[in-house]
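Student: For reference, each letter of the sequence shown is one residue, going 419 to 964 in this note's numbering.
Glycine included, every Cβ here is placed at the ideal spot set by N, Cα and C.
Let me give you the structure first, and then I'll get to my questions.
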Amino acid sequence: MGGGPAGGSGGGIQSNSVFWSVVMSAFAAFGGILFGYDTGTISGIIAMEDWLKTFGAFDPTLGHYLPTSSKSLAVSILSAGTFFGALLAYPMGDRLGRKWGIIGGCFIFFLGIGLQLDTEWAAFIVGRVIAGFGVGVVSCLVPMYQSECAPKKIRGLIVGLYQLAITIGALLAAIVLNATKDRQSHSAWRIPIAVQFAWGAVLALGMLMLPESPRYLLLKGRDADARRALGRLMTASPESPEVQEECVNILVALKYERDNASGSYLECFKNNDSRFALRTWTGIWIQAWQQLTGINFIFYYGTTFFQQAGIGNPFIITIICDVVNTVMTLIGLPFIDRVGRRRLLLIGAAGMCICEFIVAIVGVTAGNIQPDGSVNLAAQRVLIAFVCIYIAFFAVSWGPIVWVVTAEVFPLSIRGEGMSLSIASNWLWNFGIGYATPYLVNPTTYGVNGEKAANLGVKVFFIWGGTCVGCLLFTYFFIPETRGLSLEQIDRLYRESTITGSVKYRNELLAEDSMESLGAGKTDIMHIESKLPDSQTTTSTGALKA
């Protein structure tokens with residue numbers, strides 16, 4: 419990814435066939451299933467009887483159980499692997515390309531899944547680290563591939579499909595877990611783990627049939643291959659004027675990138691006219707705030723949390739939560755490019771905040787388990803309902819939009835480095851929250867294997883509600899409105915506007931676009947070609963014209 423994934427003019431292909439561009443870009447979103455399925459799988463596996471007998475400890479009063487430290491490690495260690503995978507996706511995508519980098523990530527993932535089928539604790543943990551490494555590579559390269567190949571006008575929807583794939587993966591995991599949970603053998607947890615081979619195989623085989631990113635090919639000087647890839651994406655002849663024009667547009671962007679990129683992560687933190695530092699910290703922190711919404715508490719520990727809250731059929735409740743997540747993500751995707759990134763993030767943060775405080779208040783009052791073990795069914799239903807509403811707000815806002823903002827907020831010169839840092843931030847916070855949550859929620863245990871814990875239980879939602887207030891403030895002061903803008907226009911917005919004034923400035927930019935003459939295309943191409951160095955005009959654009 420030398421110089422990062424170039425966005426080209428418009429940050430998306432000017433496709434004549436939206437259908438094929440959607441098919442190609444959406445298929446790559448299947449990579450989200452790898453992470454979503456694993457997230458859902460570990461939530462149920464750590465509650466299975468046979469898995470606890472195999473990897474857990476035994477206490478005469480508790481029976482087979484998983485110590486808090488082991489639970490934290492089993493759940494969160496995958497995110498440690500994804501952290502390093504996301505960072506190394508930068509050189510891997512540059513050396514192998516977006517397409518082959520994703521395929522390579524799948525094979526790393528396969529190795530990790532195989533190790534998790536072992537009955538030794540060390541092999542299981544190492545397997546989760548390696549699988550996480552593969553997921554980290556895929557999680558960084560898939561949004562890059564999508565944003566480079568998707569049509570500009572629906573770039574938000576296409577990149578948002580990655581989040582939809584994550585939710586589908588979690589739903590599939592809940593269904594498989596519910597089907598195997600009553601097995602009294604290793605197959606109860608081995609089957610859900612082994613199913614992941616299928617998801618990785620579909621992604622790897624599908625990517626084999628898709629074209630490489632045209633921007634990557636032009637970055638490497640492979641002009642003929644780039645024209646063929648563009649032809650497939652645009653449903654046009656590689657020698658057609660449309661393909662020639664798009665190639666020239668990308669070459670101009672790449673020239674700017676070469677002239678301004680240092681190839682260093684330090685470049686991302688410069689306080690220059692393009693406000694690199696602000697954009698980098700925006701990417702890093704929006705990924706962090708996504709994790710701080712507390713959403714993965716439900717998907718990592720939902721099954722055991724519902725058990726501890728006295729709710730019957732926790733596996734069924736988990737399925738319901740996953741259905742809500744998937745359906746609302748699907749419903750919300752079109753609104754990303756209609757309502758806008760900034761507005762949806764504000765609405766989502768406010769909605770999640772209210773729901774989480776309601777869950778916490780109900781949980782510590784009417785929802786408390788009584789000394790005789792009885793529960794208030796009405797309170798339990800309210801708790802479940804507002805957990806689902808909270809998930810719905812997340813699914814239409816902070817779920818998909820975070821990936822969209824991360825994919826488009828960076829200028830070409832630091833885009834690869836910036837996305838790598840941002841997505842690594844997601845996995846770092848994912849690891850930290852995943853590891854700390856059992857210590858926050860679980861009760862203290864005693865005896866030889868005793869461990870101190872905060873025993874917050876449902877009160878942990880007070881924390882998540884507070885962090886959603888942080889999400890609201892962060893969005894207001896740091897997230898500009900970029901709906902419908904090209905990557906070059908986003909760069910202008912950062913140079914010439916404030917964040918809080920971005921909505922008004924965006925409208926001005928779009929008004930400028932609407933005033934351009936339909937006959938200006940030829941003039942624009944001549945202007946673009948004039949920007950290219952003589953040697954590049956001769957070898958690249960000249961070859962295109964020939």
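From the DSSP output, in three-state form, read off residue 649 for me.
Tutor: The count along the sequence shown starts at 1 and reaches residue 649 at position 231. In the structure shown, residue 649 sits in a helix (DSSP, three-state: H, G or I).
Student: Under the rule that 16 or more other beta-carbon atoms within 10 Å means buried, what is residue 809, buried or exposed?
Tutor: Along the sequence shown, one-based indexing puts residue 809 at 391. Per the 10 Å Cβ criterion, buried.
Student: With distances taken from CA atoms, which of 563, 740, 702 is nearest residue 838?
Tutor: The residue given as residue 838 occupies position 420 in the sequence shown. Per the Cα distances, 702.
Student: Are residue 649 and residue 778 close, meaning C-beta to C-beta below 8 Å?
Tutor: The residue labelled residue 649 in the question sits at position 231 within the sequence shown. The residue labelled residue 778 in the question sits at position 360 within the sequence shown. No, the Cβ-Cβ distance between residue 649 and residue 778 is not below 8 Å.
Student: For the segment 765-776 and the segment 808-825, state whether three or more C-beta atom pairs, one from each stretch, are separated by less than 8 Å.
Tutor: The segment 765-776 vs the segment 808-825: in contact.
Student: In terms of alpha-carbon separation, which member of 540, 453, 738, 697 lies closest to residue 830?
Tutor: Translated into positions along the sequence shown, residue 830 becomes position 412. The option with the nearest alpha carbon to residue 830 is 697.
Student: Exposed or buried, which one is residue 602 when buried takes at least 16 other CB atoms within 10 Å?
Tutor: For the purposes of this step, residue 602 is taken as the residue at position 184 of the sequence shown. Per the 10 Å Cβ criterion, exposed.
Student: Consult DSSP for residue 481 and reduce its assignment to one of helix, strand or coil.
Tutor: As a position in the sequence shown, residue 481 is number 63, starting the count at 1. Note: residue 481 maps to strand in three-state DSSP.
Student: Just mark residue 561 as buried or exposed, buried being the case when its beta carbon has 16 or more other beta carbons within 10 Å.
Tutor: Taking the sequence shown and counting its residues from 1, one reaches residue 561 at position 143. When all chains shown are included, residue 561 counts as buried.
Student: So, under 8 Å CB-CB, residue 654 and residue 661 are touching, yes? Tell me the CB distance rounded to an integer number of Å.
Tutor: Position 236 of the sequence shown holds residue 654. Position 243 of the sequence shown holds residue 661. Yes, residue 654 and residue 661 are in contact; Cβ-Cβ is about 6 Å, under 8 Å.
Student: Of all the CB atoms in chain D, is at least one closer than 8 Å to the CB of residue 539?
Tutor: Here there is only one protein chain, and chain D is not present.
Student: Less than 8 Å separating the beta-carbons of residue 835 and residue 563?
Tutor: Within the sequence shown, the letter at position 417 stands for residue 835. Within the sequence shown, the letter at position 145 stands for residue 563. In this structure, residue 563 does not lie closer than 8 Å to residue 835 by Cβ.
Student: Taking the alpha helix (DSSP H) that residue 894 belongs to, which residues open and close that run?
Tutor: As a working mapping, residue 894 is identified with position 476 in the sequence shown. That run of the alpha helix (DSSP H) goes 878-896.
Student: Near residue 591, what residues of its chain come up, given a Cβ to Cβ distance below 6 Å and the 5 sequence neighbours on each side ignored?
Tutor: To locate residue 591, count along the sequence shown from 1; it is residue 173. Contacts found: 455, 458, 459.
Student: Locate the alpha helix (DSSP H) running through residue 685, then write down its first and last residues.
Tutor: Residue numbering aside, residue 685 sits at position 267 when the sequence shown is read from its first letter. Per DSSP, residue 685 belongs to no alpha helix (DSSP H) and is neither H nor E.
Student: If you follow the alpha helix (DSSP H) that residue 819 is part of, which residue opens it and which one closes it?
Tutor: Mapped onto the sequence shown, residue 819 falls at position 401. Element bounds for residue 819: 818-826.
Student: Determine which residues share a DSSP beta bridge with residue 775 and list them.
Tutor: What you label residue 775 is simply residue 357 of the sequence shown in a count that begins at 1. DSSP, once it has assigned bridges, lists no residue as partnering residue 775.
Student: On the three-state DSSP scale, how would you describe residue 941?
Tutor: Looking up residue 941 in the sequence shown gives position 523. Low confidence applies to residue 941: its pLDDT is 44, below 50, so where it sits in the model is not reliable enough to give any reading.
Student: Look at the Cβ atom of residue 448, then the Cβ atom of residue 621, and state whether they are nearer than 8 Å.
Tutor: Along the sequence shown, one-based indexing puts residue 448 at 30. Along the sequence shown, one-based indexing puts residue 621 at 203. Contact flag set, yes.
Student: Could you pull the start and end residues of the alpha helix (DSSP H) that residue 453 belongs to?
Tutor: The residue you call residue 453 lines up with position 35 of the sequence shown. Residues 449-463.
Student: Can you list, in chain order, the residues of its chain whose CB lies under 8 Å from that of residue 674, leaving out five sequence neighbours each side?
Tutor: Position 256 of the sequence shown holds residue 674. Around residue 674: 830, 831.
Student: Taking the alpha helix (DSSP H) that residue 517 belongs to, which residues open and close that run?
Tutor: What you label residue 517 is simply residue 99 of the sequence shown in a count that begins at 1. Element bounds for residue 517: 516-534.
Student: Taking the DSSP output, what are the residues bridged to residue 399?
Tutor: Residue 399 lies beyond the range of the chain shown here (419 to 964); nothing can be said about it.
Student: On the premise that residue 630 lies in contact with residue 647, defined as a C-beta separation below 8 Å, what is that separation, rounded to the nearest angstrom?
Tutor: Residue 647 sits at position 229 when you count from the first residue of the sequence shown. Residue 630 sits at position 212 when you count from the first residue of the sequence shown. With 8 Å as the limit, residue 647 and residue 630 qualify as a contact, their Cβ atoms being about 6 Å apart.
Student: Could you check what DSSP says for residue 798 in three-state terms: helix, strand or coil?
Tutor: Here residue 798 is taken as the residue at index 380 of the sequence shown, counted from 1. It is helical.
Student: Nearest to residue 891 by CA position, among 846, 492, 766, 909, is which residue?
Tutor: Translated into the one-based positions of the sequence shown, residue 891 becomes position 473. It is 766.
Student: Please give me, in chain order, every unbroken run of the beta strand (DSSP E) with length at least 3 that falls completely inside the segment 717-756.
Tutor: Complete beta strand (DSSP E) runs here, min 3: none at all.
Student: Does the distance from the C-beta atom of residue 515 to that of residue 634 stay below 8 Å?
Tutor: To locate residue 515, count along the sequence shown from 1; it is residue 97. To locate residue 634, count along the sequence shown from 1; it is residue 216. Going by C-beta atoms, residue 515 is nearer than 8 Å to residue 634.
Student: Looking only at its own chain, which residues have a Cβ that is under 7 Å from the Cβ of residue 510, when we skip the five neighbours before and after it?
Tutor: Locating residue 510 in the sequence shown gives position 92, where the first residue counts as 1. So the list reads 519, 522, 555, once near-sequence residues are dropped.
Student: Would you mind working out which of 558, 619, 915 sits nearest residue 531, comparing C-alpha positions?
Tutor: Residue mapping note: residue 531 aligns to position 113 of the sequence shown, counting from 1. Comparing Cα-Cα distances from residue 531 to each of 558, 619, 915, the minimum goes to 619.
Student: What separation, rounded to the nearest whole angstrom, lies between the Cα atoms of residue 840 and residue 549?
Tutor: Along the sequence shown, read from residue 1 onward, the residue named residue 840 stands at position 422. Along the sequence shown, read from residue 1 onward, the residue named residue 549 stands at position 131. C-alpha separation (whole angstroms): 20 Å.
Student: Who are the near neighbours of residue 807 in its chain, counting only those whose CB is closer than 7 Å to its CB and skipping five residues on each side?
Tutor: Counting from one through the sequence shown, the residue named residue 807 turns up at place 389. So the qualifying residues of the chain are 773.
Student: Does DSSP put residue 710 in a helix, a strand or coil?
Tutor: The residue you call residue 710 lines up with position 292 of the sequence shown. Three-state result, residue 710: helix.
Student: Check whether the Cβ atoms of residue 881 and residue 802 lie closer than 8 Å to each other.
Tutor: Here residue 881 corresponds to residue number 463 of the sequence shown, with the count starting at 1. Here residue 802 corresponds to residue number 384 of the sequence shown, with the count starting at 1. For residue 881 and residue 802, no; Cβs fall outside 8 Å.
Student: Does the Cβ of residue 632 have 16 or more other Cβ atoms within 10 Å, making it buried, or fewer, making it exposed?
Tutor: Counted from its first residue, the sequence shown places residue 632 at position 214. Result: buried.
Student: So the alpha helix (DSSP H) residue 657 belongs to, where does it begin and stop?
Tutor: Start at 1 with the first residue of the sequence shown, and residue 657 comes out as number 239. Here residue 657 belongs to no alpha helix (DSSP H), and DSSP marks it neither H nor E.
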